[in-house]
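In our numbering, each residue's number is its place in the sequence shown (first place is 1) plus 164. The next block holds one structure in the form of structure tokens; read it before the comments.
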Amino acid sequence: MYVAQPIEWTENGVVMLDQRRLPAEEISYTYVDYREVAKAIREMVIRGAPAIGVAAAMGVAIGVQKSQANSVEELKLEFTEICDTLARTRPTAVDLFWALERMKVRFTELMASNSEMNKIREAMIAEAQLVHLEKKATDEAIGAYGAEYMPREGQVMTQCNAGALATGGIGTALGVIRVAYQQGRKLHVLVPETRPYLQGARLTAWELHRGGIPLTLITDNMVGHFLKTGKVGAIVTGADRIAANGDTANKIGTYQIAVLAKENNVPFYIAAPISTFDLSIPDGSHIPIEERSSDEVTHIQGVRIAPDVKAAHPAFDVTPSRYIAAIFTERGVAKAPYTESLRALSNAARPAGSH
Ligand code: MRU
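Here it is in structure tokens:
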């Protein structure tokens, strides 16, 4: 089954598929400057929480690889600037900060044991590639756990794009749907278009169609109607940040879907890696919500669709954990009370070799 590749480390640099141009055009760019990688994250060439994390790790690696520093001391100074630049891109997806922290830990280890610049460069590139590889394995595990909760047949719903394009693996929410479908479950996916950036219409519809999974595209304001009348068996979405009590930030519009799901007795699930947990915050009120340009609301693909008026664009909303039936992770399934189940999964033994 076709799996999109949003990002790859190559000998020539970091190659990214431009998700802003999909589905009309499949264009890739090769980045050799960490500042360009940061710009690509900010401007949504690459998006989706885990994929942003992979891009940040590769951004750090390319920054170290191309550094003009003449000494380890100089490299240390530049390293801080590289990480800070990448951290200032998108505030909500905690995977970004998780990946930067992981690269910092590796860099500190290398600095303590090595004085050879080339060894440090090679090891940082290897670490970024490992982050990517681990994301692929993580998605497979999330898919296997979550597939059990999908109906044997019938309609399921998602939101935004939590597919291969958003992770660099098979996807989280779409990974669950993909694994369930491959197991022989006869699923049909309802895909809300996900205004204003249209990740549903442009990306999820494209991915499912390319993968041969049946879908119907709906507009965001059809969600309530279909949950009431459409015999939807389950909803599964991704996450950008999950607080200690299970409150979950995801693409704007997710909250209203979760509330309507409860009203209509449809189970609402989250699929996300442990790297999306932020157990340092007690609940969702502490999650920083990215405000994006109002132009993305007043324009579609550069074409103005509204008069020149004020437009709001919070890019994410927070779904209180009471609406979430379960959270699928690579280490198992969390259920309420989430404060305990998330902590237990976070502390569970990690596979050998991972961090
Ligand atoms: O603004 P985006 O496109 O980066 O938002 C993406 C989402 O909200 C996804 O649902 C989330 O990052 C999970 S991706 C596996």
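We put the beta carbon where it would ideally sit given N, CA and C, even for glycine. Model, not experiment: these values are computed from the prediction.
query, result
"Identity of the residue in Leu372, Ile421, Val201 and Gly496 nearest Trp187 by Cα", "In the sequence on display, residue 187 carries Pro and not Trp. Among Leu372, Ile421, Val201 and Gly496, the Cα nearest to that of Pro187 is on Leu372."
"Limits of the unbroken beta strand (DSSP E) element including Glu172", "Ile171 to Thr174"
"As assigned by DSSP and simplified to three states, the class of Glu371", "helix"
"Nearest candidate by alpha-carbon position, reference Gly397, set Ala408, Asn428, Arg285 and Pro170", "Asn428"
"C-beta atoms of Ala326 and Gly402 nearer than 8 Å", "yes"
"Tyr195 in three-state terms, based on DSSP", "strand"
"Limits of the alpha helix (DSSP H) - the one that Lys230 falls within", "Ala213 to Lys230"
"Distance, Leu181 Cα to Ile171 Cα", "6 Å"
"Closest by C-alpha distance to Leu424, when choosing among Ala436, Ile416, Gly448 and Phe390", "Phe390"
"Given Thr440 as reference, the closest of Leu260, Asp481, Leu239 and Ser449 once Cα atoms are compared", "Leu260"
"C-alpha gap between His519 and Val167, whole angstroms", "Confidence at His519 is low in this model, with a pLDDT of 46, below 50, so its placement is unreliable and the value that follows should be read with caution. Distance between the alpha carbons of His519 and Val167: 26 Å."
"Candidates Arg270, Tyr313, Gly466 and Val353, of which the one nearest Val295 by Cα", "Arg270"
"Distance, Gly496 Cα to Gly227 Cα", "35 Å"
"is_contact[Arg211, chain C] using C-beta, thresh 8 Å", "Although the question refers to chain C, the structure presented lacks it and comprises just one protein chain."
"Three-state class that DSSP yields for Ala516 in the structure shown", "Any answer about Ala516 is weak, because its pLDDT of 47 lies below 50 and its placement is not dependable; what the coordinates show is given next. Reduced to three states, the DSSP call for Ala516 is coil."
"Cβ neighbours of Arg507 in the same chain (closer than 6 Å, five flanking residues each side left out)", "none"
"Ile382 in three-state terms, based on DSSP", "strand"
"Lys415 in three-state terms, based on DSSP", "strand"
"Straight-line gap, Thr174 to Gly332 (C-alpha atoms, nearest Å)", "14 Å"
"Cβ pair Ile382, Val353 closer than 8 Å", "no"
"Cβ-Cβ separation, Lys268 to Cys247 (assumed contact under 8 Å), whole Å", "6 Å"
"Local conformation of Val179 per DSSP, three classes", "strand"
"Where Tyr502 sits in the DSSP three-state scheme", "helix"
"Distance cut-off 7 Å: Lys415 Cβ against heavy atoms of the ligand MRU", "yes"
"Residue environment, Ser279, which counts as buried when at least 16 other CB atoms sit within 10 Å", "exposed"
"Within the segment 464-510, ranges of the beta strand (DSSP E) (whole runs, at least 3 residues)", "480-483, 490-493 and 496-498"
"Burial state of Met222, where buried means 16 or more other Cβ atoms lie within 10 Å", "buried"
"Whether Val355 touches Met314 by CB criterion (8 Å)", "no"
"CB of Ile406 within 8 Å of CB of Met321, strictly", "no"
"Inter-residue Cα distance where the pair is Asp472 and Val461", "11 Å"
"Residue from Val482, Ala436, Lys426 and Pro431 with nearest C-alpha to Ala413", "Val482"
"Bridge-paired residues (DSSP) for Arg405", "Ala413"
"Which residues DSSP lists as bridging Gln319, in chain order", "His352 and Val396"
"Inter-residue spacing [alpha-carbon to alpha-carbon] between Ser458 and Ile216", "22 Å"
"Distance cut-off 7 Å: Arg211 Cβ against heavy atoms of the ligand MRU", "yes"
"Backbone CA spacing between Gln465 and Gln363 [nearest angstrom]", "12 Å"
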